[in-house]
Amino acid sequence: MTKKITILGAGLSGILTAYRLLDKGFEIEIIEARDRVGGRIHTVKDAKTQIEMGATWFNEVHINLQKLLKEFNIAHYEQFMTGTSYFEPFSAAPAQEIDIPQNSPSYRIAGGTSHLIDSIKLKLQDVRIHLNETVTAINFENEKTIITTNNSVLKTDYVISTVPQALFIHDIKVVPSLPNQLQDLAEKTHTWMQDSIKVAFVYDTPFWRNKNVSGTLFSNVGPITEFYDQSNEALTTFALCGFISSGMEMYTKEERLAKLKIQLEKVFGQEALTFTSYHETVWSKEIHTKSTKQIGFMYPHQNNGHPLFRKNYCDNRLLFAGTETAQQHPGYMEGAVVAAQRAATEILKLENKL
Ligand SMILES: Cc1cc2nc3c(=O)[nH]c(=O)nc-3n(C[C@H](O)[C@H](O)[C@H](O)COP(=O)(O)OP(=O)(O)OC[C@H]3O[C@@H](n4cnc5c(N)ncnc54)[C@H](O)[C@@H]3O)c2cc1C
Numbered sequence: 010m011t012k013k014i015t016i017l018g019a020g021l022s023g024i025l026t027a028y029r030l031l032d033k034g035f036e037i038e039i040i041e042a043r044d045r046v047g048g049r050i051h052t053v054k055d056a057k058t059q060i061e062m063g064a065t066w067f068n069e070v071h072i073n074l075q076k077l078l079k080e081f082n083i084a085h086y087e088q089f090m091t092g093t094s095y096f097e098p099f100s101a102a103p104a105q106e107i108d109i110p111q112n113s114p115s116y117r118i119a120g121g122t123s124h125l126i127d128s129i130k131l132k133l134q135d136v137r138i139h140l141n142e143t144v145t146a147i148n149f150e151n152e153k154t155i156i157t158t159n160n161s162v163l164k165t166d167y168v169i170s171t172v173p174q175a176l177f178i179h180d181i182k183v184v185p186s187l188p189n190q191l192q193d194l195a196e197k198t199h200t201w202m203q204d205s206i207k208v209a210f211v212y213d214t215p216f217w218r219n220k221n222v223s224g225t226l227f228s229n230v231g232p233i234t235e236f237y238d239q240s241n242e243a244l245t246t247f248a249l250c251g252f253i254s255s256g257m258e259m260y261t262k263e264e265r266l267a268k269l270k271i272q273l274e275k276v277f278g279q280e281a282l283t284f285t286s287y288h289e290t291v292w293s294k295e296i297h298t299k300s301t302k303q304i305g306f307m308y309p310h311q312n313n314g315h316p317l318f319r320k321n322y323c324d325n326r327l328l329f330a331g332t333e334t335a336q337q338h339p340g341y342m343e344g345a346v347v348a349a350q351r352a353a354t355e356i357l358k359l360e361n362k363l
């Protein structure tokens, strides 16, 4: 009988796990809480706009991601860093002009990071992807595993969860209970970038490039802490995009924008106020990335890549595959690729299909 595999989450880990298990004799479905695929990858795109509200860069050490891009024939290009960059050491001083060494470039995915997600998804025509379905419980007591979501009950053989570990343990009730050690570990596992706020200003022209300014800003002052040029590879869309202090979550969008405009004008001049649109994602308020039941402080990447996440649970019927479970580069897109490929291989081993 055909075994069914249910993957929780349609981020990079989830859709790649599904893709790696295609044509191996399984019925595959993905359950995704959001109304879109991609998870922490989210390119906002139209004729005038191509900005990354989530993952953006990779570098030479991310070899599995690079292989995947090659496999899908997706090009990449260097982050634009040419010209004067700025550093704000403290509030009373003007921004200093700095040169940034170009010896270890960061790369961006041509067409936007979501182009990778869309390309994999195109191959998943035989996979049912349920959107807007939040998994709330999984019961492994009977021969068939039962998954409960906010609006349905599904039966399956294997569950592969790519939901961030802290979110999984807080928001999904597993019966019988998972080992205490795993529960304790998962709730103390940092979800990479869960507290970040990404903002983007879209322009008709790259006024900074025209003045030999790179668009890069590092600031100790804030609210912007790191900013970069985010023009697309074809140079048909132009933007400045980056991170602001996570403490800015306490303000409204309008209040944040007002504060950002002051800093933008101070550093990049009046033309910086000629943006055509403003975009922001406050990731700490994204309930499908950061659990509302988080415990206190966690240091970046805390418990990421722990070996307990790479064990099978519930009679080999529950596996984990999100980026935070990866042995290499957990938290990053590279980790998502590594974790997905490991989980898919593990299922093939369990089913003697390798
Ligand atoms: C602002 C930001 C910037 C980043 N920048 C970079 C970068 O430059 N380079 C880099 O390599 N990485 C970066 N990252 C990290 C990168 O985005 C992640 O490593 C990667 O996308 C994780 O993929 P994933 O599939 O493991 O997890 P996710 O993308 O988090 O996918 C998990 C999925 O599970 C879904 N889900 C959650 N709960 C449930 C539930 N109960 N039921 C069903 N579905 C559920 C979520 O909606 C989500 O779609 C960044 C992340 C953010 C947020």
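Residue numbering for the sequence shown follows our numbering, beginning at 10 and increasing consecutively. Where a beta carbon is used, it is the ideal one built from N, C-alpha and C, also for glycine.
Residue i to residue j, Cα distance in whole Å?
{"i": "Y341", "j": "S22", "result": "11 Å"}
{"i": "T214", "j": "K76", "result": "34 Å"}
{"i": "Q111", "j": "F277", "result": "22 Å"}
{"i": "I233", "j": "L125", "result": "28 Å"}
{"i": "E289", "j": "S255", "result": "12 Å"}
{"i": "P98", "j": "G231", "result": "10 Å"}
{"i": "G251", "j": "L17", "result": "29 Å"}
{"i": "K268", "j": "N313", "result": "34 Å"}
{"i": "D166", "j": "L266", "result": "48 Å"}
{"i": "M202", "j": "N189", "result": "26 Å"}
{"i": "I118", "j": "S223", "result": "19 Å"}
{"i": "K294", "j": "I40", "result": "21 Å"}
{"i": "Y86", "j": "Q272", "result": "29 Å"}
{"i": "L163", "j": "W217", "result": "53 Å"}
{"i": "T283", "j": "R29", "result": "45 Å"}
{"i": "I155", "j": "I253", "result": "42 Å"}
{"i": "A330", "j": "T246", "result": "35 Å"}
{"i": "M62", "j": "G121", "result": "10 Å"}
{"i": "K207", "j": "Q336", "result": "27 Å"}
{"i": "Q350", "j": "P339", "result": "13 Å"}
{"i": "S100", "j": "A19", "result": "42 Å"}
{"i": "T285", "j": "V346", "result": "35 Å"}
{"i": "T354", "j": "E360", "result": "10 Å"}
{"i": "T298", "j": "I109", "result": "32 Å"}
{"i": "L74", "j": "I83", "result": "11 Å"}
{"i": "T11", "j": "I356", "result": "14 Å"}
{"i": "I24", "j": "I50", "result": "12 Å"}
{"i": "L244", "j": "I147", "result": "47 Å"}
{"i": "N221", "j": "D238", "result": "12 Å"}
{"i": "I72", "j": "R319", "result": "21 Å"}
{"i": "D324", "j": "E106", "result": "59 Å"}
{"i": "E196", "j": "T52", "result": "29 Å"}
{"i": "Q88", "j": "T261", "result": "31 Å"}
{"i": "I304", "j": "P185", "result": "23 Å"}
Compute the distance between the beta-carbons of residue i and residue j, then report whether it is under 7 Å.
{"i": "H199", "j": "S300", "result": "no"}
{"i": "D44", "j": "N141", "result": "yes"}
{"i": "V136", "j": "I14", "result": "no"}
{"i": "K33", "j": "K362", "result": "yes"}
{"i": "I138", "j": "L328", "result": "no"}
{"i": "A209", "j": "A248", "result": "yes"}
{"i": "A348", "j": "T332", "result": "yes"}
{"i": "S123", "j": "G47", "result": "yes"}
{"i": "F96", "j": "F227", "result": "yes"}
{"i": "M307", "j": "T225", "result": "no"}
{"i": "V211", "j": "T58", "result": "yes"}
{"i": "T158", "j": "T143", "result": "yes"}
{"i": "L369", "j": "H315", "result": "Past the boundaries of the shown model lies residue 369; the chain is included only from 10 to 363, so the question cannot be answered."}
For residue i, list the residues DSSP reports as bridge partners.
{"i": "F252", "result": "K207 and E235"}
{"i": "H139", "result": "I40"}
{"i": "Y341", "result": "According to DSSP, which records beta bridges pairwise, Y341 is partnered with nothing at all."}
{"i": "Q105", "result": "F96"}
{"i": "Y322", "result": "L327"}
{"i": "A348", "result": "Paired residues: none, contrary to the question."}
Could you tell me which of the options sits nearest to residue i, measuring between CA atoms?
{"i": "L133", "options": "L31, D166 and G18", "result": "L31"}
{"i": "R326", "options": "F96, P316 and K358", "result": "K358"}
{"i": "A102", "options": "K275, Y212 and Q88", "result": "K275"}
{"i": "M259", "options": "E242, A243, T298 and W292", "result": "W292"}
{"i": "S205", "options": "G20, A64 and R29", "result": "A64"}
{"i": "L131", "options": "E61, T58 and F81", "result": "F81"}
{"i": "E150", "options": "V144, F177, G120 and K182", "result": "K182"}
{"i": "Y116", "options": "S286, E343 and T334", "result": "E343"}
{"i": "N321", "options": "T334, E196 and Q311", "result": "T334"}
{"i": "S113", "options": "I107, S128 and F67", "result": "F67"}
{"i": "Y287", "options": "F35, I60 and M10", "result": "I60"}
{"i": "I129", "options": "T261, E152 and K79", "result": "K79"}
{"i": "T145", "options": "A42, R319 and Q279", "result": "A42"}
{"i": "A56", "options": "I296, S240, K262 and M257", "result": "S240"}
{"i": "G92", "options": "E152, N219 and P185", "result": "N219"}
{"i": "N229", "options": "S94, D127, A104 and E152", "result": "A104"}
Please decide whether residue i counts as near chain D, where near means a Cβ-Cβ distance under 7 Å.
{"i": "T234", "result": "Of the protein chains in the structure, only one exists, and it is not chain D."}
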